[in-house]
Amino acid sequence: PETHEHHDEL
Amino acid sequence: MNLFRLFGDMSHLASILILVHKIQTTRSCRGISFKTQALYVTVFVSRYLDLFYDWVSLYNFFMKVFFISSSCYILYLMKMKFRPTNDPSIDTFRIEYLLGPCAILALIFHYKFTVTEVLWSFSIFLESVAILPQLFMLQRTGEAETITTHYLAALGAYRAFYIPNWIYRYWTEDIVDPIAVTSGIVQTALYLDFFYVYFTKVLQGQKFELPA
């Protein structure tokens with residue numbers, strides 16, 4: 044899986 | 065967005081509203097740790113710096129603004145409006161033992177070595193332990209007003225909902241955020257003791273009291 048650098052969670 | 069995350073965010077929102085309601089109606093912040101509340105302001109401010117340069121969604125924007133402003137408002141209520149009801153002598157947890165290690169962890173574990181990313185990591189680590197002064201205070205006094213326990217339960221539920229959200233996102237979007245997941249699990253685990261007493265006592269109509 045990819046780690047996401049874009050923080051879309053609060 | 066999935067339902068787990070939405071329920072989590074709504075619990076988080078509810079917890080803050082419960083806390084403000086408790087302070088306003090009892091006109092007192094007795095039983096609330098100022099240190100924990102100050103740590104939450106630190107968490108939100110260091111994490112939501114991306115408000116200035118990154119657009120996620122309208123929902124995301126308003127929630128971030130709400131969390132920053134409501135946490136600052138709670139500090140105002142505790143330090144100004146209802147200051148006499150705040151008793152620092154029982155709020156004795158040493159927060160430097162939380163801030164220091166979180167800063168070091170953030171310098172070691174982050175996704176990019178930039179100021180905002182390191183601050184983001186710091187906020188994630190700090191959030192996971194920010195409740196400790198509050199739980200420590202509860203442990204010390206051995207009891208809590210029922211409304212305060214509802215606040216803590218909603219806050220714990222918020223963290224608990226994020227775990228199925230990450231599992232769901234792993235399966236459906238094939239993404240995983242190891243920093244958020246590990247600290248999120250730690251954070252949820254810190255509530256287990258509290259939840260045990262909450263379910264066995266408060267929800268059965270009894271007062272929240274720890275065994276002597």
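Heads up: the protein sequence lines correspond to chains A and H, in order.
Note that the working numbering has the first sequence beginning at 44, numbered continuously upward.
Note that the working numbering has the second sequence beginning at 65, numbered continuously upward.
Heads up, the beta-carbon is just placed ideally off N, CA and C, and yes, glycines get one too.
Asked                                                                                                                                                                : Found
Who are the near neighbours of residue 226(H) in its chain, counting only those whose CB is closer than 6 Å to its CB and skipping five residues on each side?       : 72 and 248
Using the C-alpha atoms, what's the distance from residue 140(H) back to residue 92(H)?                                                                              : 13 Å
Taking just the CA atoms, how far does residue 138(H) sit from residue 84(H)?                                                                                        : 7 Å
Between 156(H), 109(H) and 189(H), which lies nearest to residue 172(H) when the distance is taken from Cα to Cα?                                                    : 189(H)
For the ligand GDP, any of its heavy atoms closer than 6 Å to the Cβ of residue 203(H)?                                                                              : The ligand GDP is absent from the structure shown, which contains no ligand whatsoever.
Less than 7 Å between C-beta atoms, sequence neighbours within five positions excluded: which residues of the same chain meet that for residue 108(H)?               : 131, 132 and 135
Between the alpha carbons of residue 113(H) and residue 95(H), how many angstroms are there, rounded?                                                                : 31 Å
Going along the chain, which residues of its own chain have a beta-carbon closer than 7 Å to the beta-carbon of residue 180(H), five neighbours each way excluded?   : 113 and 114
If we define contact as Cβ-Cβ less than 7 Å, is residue 120(H) a contact residue for chain A?                                                                        : yes
Run the CB neighbour count on residue 269(H), radius 10 Å, all protein chains shown included, and call it buried at 16 or more, exposed below.                       : exposed
Could you pull out every residue in the same chain whose Cβ sits closer than 7 Å to the Cβ of residue 200(H), ignoring the five residues on either side in sequence? : 157
In its own chain, which residues sit with a C-beta less than 7 Å from the C-beta of residue 214(H), not counting the 5 before and 5 after it?                        : 82
Just verifying my parser: in three-state terms, what is the DSSP assignment at residue 249(H)?                                                                       : helix
Residue 142(H): buried (16+ other C-beta within 10 angstroms of its C-beta) or exposed?                                                                              : buried
List in chain order: all unbroken alpha helix (DSSP H) runs of 4+ residues lying wholly within the segment 189–222 of chain H.                                       : 196–205
State the Cα-Cα distance for the pair residue 117(H) and residue 53(A), rounded to the nearest angstrom.                                                             : 16 Å
Just to confirm, is the Cβ distance from residue 184(H) to residue 111(H) under 7 Å?                                                                                 : yes
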